[in-house]
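The sequence shown begins at 18 in our numbering and counts up one residue at a time. From the three backbone atoms N, C-alpha and C, an ideal C-beta is built for every residue, glycine too. Source: prediction; values computed, not measured. Scroll down for the structure; my scribbles are underneath it.
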Amino acid sequence: MRIAYVFLGAFLAIAQSAYAEVTSPPVLAPLKRQAQAAELSAQFLSRYSYKPVPLDDALSARIMDQFIKSLDPDRMLFLQADIDKFMSDRSEIDDAIERKDLKIPFAIFNAYEQRVVDRMNYARSLLKQDFDFSAQENYSVLRDKAPWPQSKAESNELWRKRVKSDWLRLKLGGKNDAAIRETLDKRYENILERAYKFKSDDVFQSFMDAYSTSIDPHTDYFGAAASADFNVSMKLSLFGIGAVLQERDDYTTIRELVPGGPAQLSGKLAVGDRITGVGQGKDGAIKEVVGTRLDEVVQMIRGKKGSVVRLDILPADAGADGTHRVISLVRDKISLDKQAARKTVLSVKAGDATRKIGIITLPVFYEDFEAKRKGDQDYKSASRDVAKLLDELKEEKVDSVLIDLRNNGGGSLDEAIDLTGLFIGNGPVVQQRGSDGKIEVKSAELAAPVWTGPMGVLINRGSASASEIFAAAIQDYGRGVIVGEPSFGKGTVQTVVDLDQIVRNSKPEFGELKVTIAQFFRVDGGTTQLHGVTPDISLPGLSDPTSFGETSYDNALPWAQIKPANYTPADTITTLLPTLQSRHDARVVSNPDFQRLLKDIADLKAQREKGVVSLNESERRKEAAAREKRFKDRAEAGDGEDLGDDGLEAGERSLSADIAIENARKNAKDVLLDETVAILADEADLQQGALKAATKESGNTNGK
Numbered sequence: 018m019r020i021a022y023v024f025l026g027a028f029l030a031i032a033q034s035a036y037a038e039v040t041s042p043p044v045l046a047p048l049k050r051q052a053q054a055a056e057l058s059a060q061f062l063s064r065y066s067y068k069p070v071p072l073d074d075a076l077s078a079r080i081m082d083q084f085i086k087s088l089d090p091d092r093m094l095f096l097q098a099d100i101d102k103f104m105s106d107r108s109e110i111d112d113a114i115e116r117k118d119l120k121i122p123f124a125i126f127n128a129y130e131q132r133v134v135d136r137m138n139y140a141r142s143l144l145k146q147d148f149d150f151s152a153q154e155n156y157s158v159l160r161d162k163a164p165w166p167q168s169k170a171e172s173n174e175l176w177r178k179r180v181k182s183d184w185l186r187l188k189l190g191g192k193n194d195a196a197i198r199e200t201l202d203k204r205y206e207n208i209l210e211r212a213y214k215f216k217s218d219d220v221f222q223s224f225m226d227a228y229s230t231s232i233d234p235h236t237d238y239f240g241a242a243a244s245a246d247f248n249v250s251m252k253l254s255l256f257g258i259g260a261v262l263q264e265r266d267d268y269t270t271i272r273e274l275v276p277g278g279p280a281q282l283s284g285k286l287a288v289g290d291r292i293t294g295v296g297q298g299k300d301g302a303i304k305e306v307v308g309t310r311l312d313e314v315v316q317m318i319r320g321k322k323g324s325v326v327r328l329d330i331l332p333a334d335a336g337a338d339g340t341h342r343v344i345s346l347v348r349d350k351i352s353l354d355k356q357a358a359r360k361t362v363l364s365v366k367a368g369d370a371t372r373k374i375g376i377i378t379l380p381v382f383y384e385d386f387e388a389k390r391k392g393d394q395d396y397k398s399a400s401r402d403v404a405k406l407l408d409e410l411k412e413e414k415v416d417s418v419l420i421d422l423r424n425n426g427g428g429s430l431d432e433a434i435d436l437t438g439l440f441i442g443n444g445p446v447v448q449q450r451g452s453d454g455k456i457e458v459k460s461a462e463l464a465a466p467v468w469t470g471p472m473g474v475l476i477n478r479g480s481a482s483a484s485e486i487f488a489a490a491i492q493d494y495g496r497g498v499i500v501g502e503p504s505f506g507k508g509t510v511q512t513v514v515d516l517d518q519i520v521r522n523s524k525p526e527f528g529e530l531k532v533t534i535a536q537f538f539r540v541d542g543g544t545t546q547l548h549g550v551t552p553d554i555s556l557p558g559l560s561d562p563t564s565f566g567e568t569s570y571d572n573a574l575p576w577a578q579i580k581p582a583n584y585t586p587a588d589t590i591t592t593l594l595p596t597l598q599s600r601h602d603a604r605v606v607s608n609p610d611f612q613r614l615l616k617d618i619a620d621l622k623a624q625r626e627k628g629v630v631s632l633n634e635s636e637r638r639k640e641a642a643a644r645e646k647r648f649k650d651r652a653e654a655g656d657g658e659d660l661g662d663d664g665l666e667a668g669e670r671s672l673s674a675d676i677a678i679e680n681a682r683k684n685a686k687d688v689l690l691d692e693t694v695a696i697l698a699d700e701a702d703l704q705q706g707a708l709k710a711a712t713k714e715s716g717n718t719n720g721k
């Protein structure tokens, strides 16, 4: 077994000879607590996962592959010689973790930083020249399976095409050469600067991500920052000032003020203002934060409820040398309402009637675990919020309810069960099989459903886990119609383990593990694992199932089946499906919006399969002209405006322009939602018709 420091020294010798002209970023080294956390995680994961995976040479190789892939997914940074050197330690990671030695991943990450610095400096040097856009050449946009460059010259050629492609996009977007040089120089400089801001915890988080996902796709490691973000996502609340922040040109910039938050109520802050310093308490020293990483500034601004934070502000309309002002704000609880359940009502014609459809959009299955554990009677949860919205929709006398779970990646299992109960009342919702093989049936326990009328669920490839539990239960009970794309295919259950609690640490040091502990099954005995939930009525989607979804993971659990639970399905939806499908088919054939969406999806798929873009200006202008004509036709038909492609990335436009584009996308016509609403209107129409017929038949029978 070779020693890690020999590897490090040998590798840096190669690095110096190939990249001697590059100024190296700071060399990062592992901390003692990180090595201890890795070893403790290994003990836990090798014993208590749903499918325990021993930390051996095979897993070591997988971790190495995953770590390198996470750093250089497009194979644009490392040279083949680098990879060969890394691979000589491919089977050593297991031994290194056991002896609490993280030199191998840190050496790889330091090499990665060096490559980023070198490639960005080279990219910036290319901006001094002009490009020939009349030449016939292509740039590959899919390089995840391409070979790594064999030499620096080959890497230079790859980056020449990359920079040329970036330049051409901006040129087609209407920028002149001077503006293009300025934009790209700043873009590459920003990437370069980020390489100098990495810290030891960033390396460790990346390495542990590679380790945990090598066990299975949904096992995760949370360091302190990742753990805080996870808790916020489940609580939908935090303590702070109520401002959405964005990093722009080294400044922490206010992008949005949360209504009712301290920042908005103070009247002292506006969108576009820049935070140049942060001080704690009424008289704490203000620390300059220009050039500081956004996540670090956020942590400085968050704090205990009722505590004071002071901000040094450079107003939005002031130049770099403008007059600053210092403001004081008292931190308070901020509710993240954008991620909470929300409702809208749409009216649509179905048969001879106009139907009102209530739409509840649920971005995540949230639950404030801590507040619930403490006995807070008013704790935040998805099912509680949806129950309130259902009561409001009943007051508005809607004919049907749609639960929109598109891109809802899951959350609390209990919330998925409780949400199902709002529509079925009492009964089994999901079956859970632990690592010991024992099966537990989990049921909803409401005395009666909150909503008994027609309903449906809209899903797409981004609907996963808790979303799939809910959609599958609604489908198995025949309670509503499932519309959309096949879902993600995640059929496993995770729990969060606090490593510090395991070793009884008095202060947090080791982080948390999100560990797969069980597999869930539908009440009909099947699983959503790999297959996902298959909609009753399918709609097209933009996602690529080969790169997004459970089937894209090579270490995903297989599909399985167990005995059905004891439940009583209704056949209402089954009998309606043929008519719903035929009405849907007839409607979309003559719907120009739907047909344009199909064309967009076909074009995207063709481009994806092509895998390259032309670097010939005349060819690209022809493509752009065809695209512009299509958008113009849509605009004339009232289907939104042409957002086009200006070649700019996030943060390169003015803040107002970025916000305008974001709002335009939010307000664009949602073709799939509109069609789903029409399907639910048909469902309500058919169910009411069936009810009338049954009532009439009953009356005739009684009359006899």
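A direct Cα-to-Cα measurement between A641 and E174 gives close to 26 Å. Around the beta carbon of Q146, a 10 Å sphere encloses fewer than 16 other beta carbons of the protein chains shown; the residue is thus reported as exposed. When DSSP states are grouped into helix, strand and coil, A577 belongs to the coil group. A buried status is given to R265, since no fewer than 16 other beta-carbon atoms sit within 10 Å of its beta-carbon. Out of E462, A433 and Y383, the CA that lies nearest to the CA of F247 is found in Y383.
Minimum Cα-Cα distance from D91 among the listed residues Y156, R478 and G375 corresponds to Y156. Per DSSP, F565 is not a residue of any alpha helix (DSSP H), being assigned neither H nor E. Of the candidates S607, I491 and G479, the residue whose Cα lies closest to the Cα of P466 is I491. The alpha-carbon separation between S254 and Y396 amounts to approximately 11 Å. Residue range P609 to K627 is occupied by the alpha helix (DSSP H) that includes E626. In the DSSP assignment, Q146 falls outside any alpha helix (DSSP H) and carries neither an H nor an E.
Secondary structure note for F239: its beta strand (DSSP E) is the uninterrupted segment D237 to F239. Under the three-state reduction of DSSP, M93 is assigned to coil, being neither helix nor strand. In the three-state reduction of the DSSP assignment, Y268 falls in the strand class, which pools E and B. Here the C-alpha atom of D226 lies approximately 15 Å from the C-alpha atom of V514. Pairing P42 with L119 gives a Cβ-Cβ distance that is not under 8 Å. As for any alpha helix (DSSP H) of minimum length 4 sitting wholly inside the stretch 382-451, the runs are 386-390, 399-412 and 430-441, ordered along the chain. Leaving aside the five residues that flank T591 on each side, the residues in its chain whose CB is nearer than 8 Å to its CB run, in chain order, G495. Across the set D290, A358 and S324, the C-alpha of S324 shows the shortest separation from the C-alpha of G298. G296 is bridged by DSSP to I303 and R327. Here D515 is bridged, per DSSP, to E529. For the pair V180 and R625, the Cα-to-Cα distance works out to about 20 Å. Residue burial annotation: D300 is exposed, with fewer than 16 other C-beta atoms found within 10 angstroms of its C-beta.
Around the beta carbon of S564, a 10 Å sphere encloses fewer than 16 other beta carbons of the protein chains shown; the residue is thus reported as exposed. Here H341 is exposed. Its C-beta has fewer than 16 other C-beta atoms within 10 Å.
Judged by DSSP secondary structure, I80 falls outside any beta strand (DSSP E) and instead within the alpha helix (DSSP H) spanning D74 to L88. Fewer than three beta-carbon pairs drawn from the stretch 126-141 and the stretch 64-80 are found closer than 8 Å, and the two stretches are therefore not classed as touching. Using a 10 angstroms sphere on the CB of N193, the tally of other CB atoms stays under 16, which defines it as exposed. With fewer than 16 other Cβ atoms from the protein chains shown falling within 10 Å of its own Cβ, I519 counts as exposed. Spanning the alpha carbons of A242 and R348 requires a straight line of approximately 19 Å. Rounded to whole angstroms, the Cβ separation of V307 and D267 is 6 Å, and the two are in contact under 8 Å.
The Cβ atoms of L185 and F150 sit closer than 8 Å to each other. One thing to note: I579 has its Cβ within 8 Å of the Cβ of F538. Cβ-Cβ separation between D421 and L614: approximately 17 Å, too far for a contact (criterion under 8 Å).
Per the Cβ contact rule, the stretch 502-509 is not in contact with the stretch 591-600 (fewer than 3 Cβ pairs under 8 Å).
CA-to-CA, the gap between G558 and I476 works out to about 10 Å.
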